[in-house]
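Written below as structure tokens is the structure these notes are about.
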Amino acid sequence: MSAAVATALPHGEGLAARRALRDARIRGATLLALGVLSFYFASSAFSTPAIFLFRIYNTGQDRFEVATSVGLLWVIAGLAAALVGALQLWRGATFRWRPWLLVLLVPYVAVILGALLDGTIANLSRVLSGSFELATPLTLGALAGILSERSGMLNIALEGKMLVGACVSVVVGSVVLGATGNMFAATVAGVSAAMVVSGLLGLLLAWLGIRHRVDQIIAGTVINIGAVGITNFLFLRVLGSSPELNTPPNVAAMQLPFLSDIPVLGPLLFSLRPYVYLSIILVIVLTYLIFRTRWGLRLRASGEKPAAAGTVGINVLQIRYRALFFAGLICGLAGSYLPLATAGSFQMQMTAGKGFIALAAMIFGAWHPIGAFAAALVFGFADSAQALLSILGVQVPPQLLNSVPYIITIVVVAGVVGRVRGPASAGQPYEQG
Amino acid sequence: MRALAGLARRALVPGLAVLTALILGAVVIILTDFENLAQIGSDPAGALGAAVGGVFNGYGAMLTGAFGDPERIRLAFEDPNDRTIATAIRPITETLVAATPLIFVGLAVAISFRTGMFNIGGDGQLIVGALGATIVGVGLQTSGLPSLVILALAIAAAILFGGFWGFIPGFLKARTGAHEVITTIMLNYIGAQVVLFALLGPSLRAAGSSQPISKNMSAWVDVPSIISLPAIRLDYGFVASLVMAAAVSWLLFRTTKGYELRAAGFNPTAARYAGMSAGGSMMLGMALSGGLAGMGGGFLVIGATGQLTNDLSGGIGFNAIALALLAGLRPSGVVAAGLLFGALTTGGKVMGIQSGIPFDLLFFIMAMVIMFVAAPGLIRTIWRVKVAKPAPEIASVAPTAPAEPV
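Right under this line is the structure:
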């Protein structure tokens with residue numbers, strides 16, 4: 028950002044517009060070049076078959092196959108890239124290219140998968156449903172980040188709050204499960220406890236930042252490091268010697284009535300864990316709340332220009348406290364997903380940077396719930412495809428595959444694919460008069 | 071005398087912060103002592119007493135583990151020979167060994183914070199630096215060069231590797247505005263994977279091991295020991311860390327470049343109007359920071375451990391943030407805080423072995439230290455003392471008015 032400020036300072040708006048136009052031209056030309064390059068790759072790849080199989084093992088009756096060649100996939104991807112590039116050049120700086128880029132990802136991912144598989148028949152149904160599953164904690168984390176940053180508070184503590192949420196959900200869920208034997212009650216208790224504790228951590232973050240004017244990055248780091256310390260400590264001291272405290276309830280996949288009977292799509296998209304549906308509902312609800320309600324307007328005003336918001340009588344600090352509390356609740360939900368839905372128990376540092384990847388999804392999604400959801404899906408797909416590739420024994424070092432989400436995150440926050448502007452006042456303390 | 075009073079005033083908040091954090095750690099130990107707390111219904115006093123006793127046990131083990139067992143020291147005086155002296159001074163020398171990388175990474179954090187960059191990638195820079203040192207160290211195994219020459223080359227490689235790992239986020243921040251908190255954390259994860267990849271390859275891995283452990287290099291390259299007694303690992307890496315502290319102090323406060331670095335951290339806009347390159351300062355500050363952390367990794371892997379493992383850093387990067395803030399981002403303070411944290415680390419490990427209180431509690435204590443140092447108002451409220459306002463560089467450690475949020 029500072030570099031942009033440096034050049035924008037003496038000249039003002041005109042230069043910014045010229046820069047935007049230049050960026051748009053570069054983007055368009057790059058995409059066109061990518062398209063042409065894709066045609067070149069296509070020429071030598073028509074003989075390599077690409078067979079994507081969608082088959083659901085647990086039902087068995089759904090079988091859907093896409094048989095094509097890698098060459099044809101290159102042609103399709105190249106055409107799409109050239110088309111988007113041409114659109115970009117034609118429309119200039121006003122072109123809303125971000126959604127198109129996500130659309131473009133689909134054929135290119137297919138091409139790369141096809142090329143890596145090199146003729147092996149791959150069952151993609153797991154990969155696709157896995158993308159939704161793996162995207163869920165990222166979506167929820169990104170929603171928490173959006174709530175905080177739209178209110179004007181940086182929230183790098185997502186990671187720590189998710190970790191604590193994961194731990195709390197396991198302990199409380201295990202205790203309730205042991206006492207009652209009721210899976211549903213244990214799940215609800217575990218998840219609610221995780222949400223409440225994470226919510227309180229959100230309040231702590233807000234209190235440190237607002238009342239004590241601690242730099243919001245430092246306050247977040249306190250929570251992140253403290254979360255690692257306290258959960259590792261609990262794991263080693265308590266959970267290690269009492270495994271009955273680390274046997275949480277399991278949240279199983281749920282067949283949605285009617286929808287799950289649709290062939291192919293049903294088992295893929297409508298037989299997932301309730302978390303997935305919940306996160307999608309939250310995406311819709313938050314989009315409405317943030318952009319269509321009075322509360323949302325106040326929230327955004329607090330993040331963009333708190334002084335103006337304060338002048339018209341909005342209680343900026345109260346809005347920030349509440350936003351961080353709600354963000355904490357969502358973080359707790361996200362944290363509980365990891366042990367209850369996937370791992371089956373609490374492990375040390377099991378969030379493994381998901382809170383930070385969620386922040387990247389938030390940035391790539393331009394601080395918009397739907398955009399963040401789409402970005403989280405991309406990360407989820409990368410994670411899911413990685414599992415497929417390692418199962419199929421594709422010759423890529425696993426360490427490289429493991430690094431992919433982290434590398435994408437850096438690329439995203441570096442804005443290599445275009446810079447987005449977040450809430451103007453996020454991170455700056457506000458003195459209420 | 072006035073200087074002493076000034077020192078006491080400056081040390082008041084950090085001292086009380088550490089004390090309060092240790093008390094909170096004790097509370098956590100008591101609350102998780104289920105064995106004793108289970109009896110609280112039948113014998114409340116006894117249960118609480120036993121739980122509190124557990125704290126004294128643990129913290130006591132931490133003290134003797136960090137500074138030495140009085141009994142053993144007495145034995146060493148009564149019957150001074152190599153073995154008794156070594157057992158008596160081993161804890162304190164281990165504290166200095168543990169302090170060495172902490173001082174290096176603490177200096178790295180301090181220099182980056184002074185430049186306005188919140189470098190939490192110390193772990194990654196340290197381990198990538200250690201990888202550089204290992205590559206050179208293992209590569210020169212059959213070169214026949216003297217140990218000191220290999221050491222110098224290995225440390226140079228460590229500085230280059232770590233510096234490069236630190237330069238990346240600096241470059242990204244200066245050129246694209248990518249927030250260093252995210253990029254450095256991501257580079258920590260990537261660095262760990264890179265090191266794992268390198269260690270699992272055939273050229274570095276210890277012969278006959280399937281674990282990610284490098285060859286042990288101590289046969290042909292080592293950091294010279296300060297005290298040559300059996301089982302004493304203290305080496306000149308510690309002296310090097312002190313020299314670097316002096317060098318960082320000189321650079322930051324006595325040179326034009328250092329002034330520019332601090333100006334970029336203090337107010338980048340003003341620095342820019344004064345004709346300085348804030349972006350250049352970010353990149354330089356982060357490269358220096360990464361180089362220091364990498365140097366710490368180099369001394370650690372060539373000296374104290376002799377071989378590279380993928381869990382080499384063990385949270386040093388996190389602890390270094392706490393200690394740099396505790397030190398008020400002053401190099402001399404970093405040395406003092408590094409010694410304190412070295413004692414906590416060494417003692418904490420002994421505590422883990424002797425009393426079963428996991429070492430990881432220290433991370434929680436460190437987090438609380440950061441919180442209390444960053445929010446001295448809390449200390450004021452808890453201890454009813456008058457404390458000075460925090461130094462401006464701590465109050466706004468990331469003062470680069472984040473026009474683009476994380």
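Protein sequence lines, in the order shown, are assigned to chains A and B. Counting from 28, one number per residue, gives the positions in the first sequence under the numbering used here. Counting from 71, one number per residue, gives the positions in the second sequence under the numbering used here. Cβ atoms here follow ideal geometry from the backbone N, Cα and C, with glycine treated the same way.
Find the nearest neighbour of residue i within the set the options, judged by alpha-carbon distance.
i             : options                       : result
residue 441/B : 234/A, 246/A, 208/A and 391/A : 246/A
residue 277/A : 370/A, 62/A, 107/A and 288/A  : 370/A
residue 380/B : 338/A, 350/A and 426/A        : 426/A
residue 66/B  : 208/B, 234/B and 236/B        : Residue numbering for chain B in the displayed model covers 71 to 476; residue 66/B lies beyond these limits and cannot be assessed.
residue 364/A : 438/A, 178/A, 168/A and 129/A : 168/A
residue 58/A  : 345/A, 115/A and 398/A        : 115/A
residue 303/A : 166/A, 105/A, 72/A and 380/A  : 166/A
residue 319/B : 231/B, 229/B, 177/B and 406/B : 177/B
residue 227/B : 197/B, 164/B, 239/B and 423/B : 197/B
residue 126/A : 317/A, 398/A, 287/A and 217/A : 398/A
residue 293/A : 437/A, 358/A, 311/A and 155/A : 155/A
residue 70/A  : 102/A, 56/A, 210/A and 331/A  : 102/A
residue 355/A : 233/A, 311/A, 206/A and 345/A : 233/A
residue 202/A : 217/A, 192/A, 190/A and 191/A : 217/A
residue 391/B : 175/B, 100/B, 84/B and 163/B  : 175/B
residue 174/A : 131/A, 220/A and 226/A        : 226/A
residue 273/B : 77/B, 108/B and 205/B         : 205/B
residue 77/B  : 398/B, 336/B and 285/B        : 398/B
residue 371/B : 342/B, 429/B, 407/B and 287/B : 287/B
residue 281/A : 272/A, 435/A, 298/A and 267/A : 298/A
residue 215/A : 143/A, 146/A, 360/A and 430/A : 360/A
Who are the near neighbours of residue i in its chain, counting only those whose CB is closer than 8 Å to its CB and skipping five residues on each side?
i             : result
residue 149/A : 78, 79, 80, 140, 415 and 419
residue 261/A : 194 and 198
residue 166/B : 304, 308, 409 and 412
By Cβ distance below 7 Å, which residues in the same chain neighbour residue i in space, the five residues on each side in sequence not counted?
i             : result
residue 428/A : 413, 416 and 417
residue 394/B : 176, 179, 180, 183 and 404
residue 51/A  : 115, 119, 120 and 122
residue 84/B  : 396 and 443
Could you give the C-beta distance for residue i and residue j, rounded to a whole number, given that I count them as a contact under 8 Å?
i             : j             : result
residue 376/B : residue 168/B : So it is not a contact: roughly 16 Å between Cβ atoms.
residue 188/A : residue 229/A : 7 Å
residue 105/A : residue 65/A  : 3 Å
residue 180/B : residue 401/B : 7 Å
residue 321/A : residue 368/A : Actually they do not touch by this definition, with Cβ atoms about 35 Å apart.
residue 382/A : residue 185/A : 4 Å
residue 218/B : residue 268/B : Contact flag wrong, Cβ pair sits at about 25 Å.
residue 329/A : residue 343/A : 5 Å
Would you kindly report the start and end of the unbroken alpha helix (DSSP H) that includes residue i?
i             : result
residue 127/B : 114-137
residue 386/B : 386-396
residue 341/B : 338-343
residue 152/B : 152-184
residue 356/B : 348-369
residue 237/B : 217-246
residue 211/A : 210-237
residue 135/A : 125-144
residue 106/A : 97-118
residue 322/A : 321-331
residue 193/B : 192-209
residue 84/B  : 72-101
residue 350/A : 343-364
residue 198/A : 185-207
residue 188/B : Note, residue 188/B: premise wrong, no alpha helix (DSSP H); not H, not E.
residue 75/A  : Per DSSP, residue 75/A belongs to no alpha helix (DSSP H) and is neither H nor E.
residue 267/B : 250-270
For residue i, which residues of its own chain have a beta-carbon under 6 Å away from its beta-carbon, when the five flanking residues on both sides are left out?
i             : result
residue 330/B : 346 and 351
residue 181/A : 243, 453 and 454
residue 72/B  : none
residue 164/B : 416
residue 254/A : 187, 190 and 191
Which residue spans inside the stretch 259-307 of chain A form an unbroken alpha helix (DSSP H) run of at least 4?
292-296
Can you list, in chain order, the stretches of the beta strand (DSSP E) that have 3 or more residues and sit fully within the stretch 387-453 of chain A?
none
Could I get the ranges of all uninterrupted alpha helix (DSSP H) runs contained in the stretch 418-453 of chain B, with 4 residues as the minimum, in chain order?
431-444 and 446-453
As an exercise, report each continuous alpha helix (DSSP H) stretch of at least 4 residues that is fully enclosed by the stretch 297-326 of chain B, in chain order.
306-324
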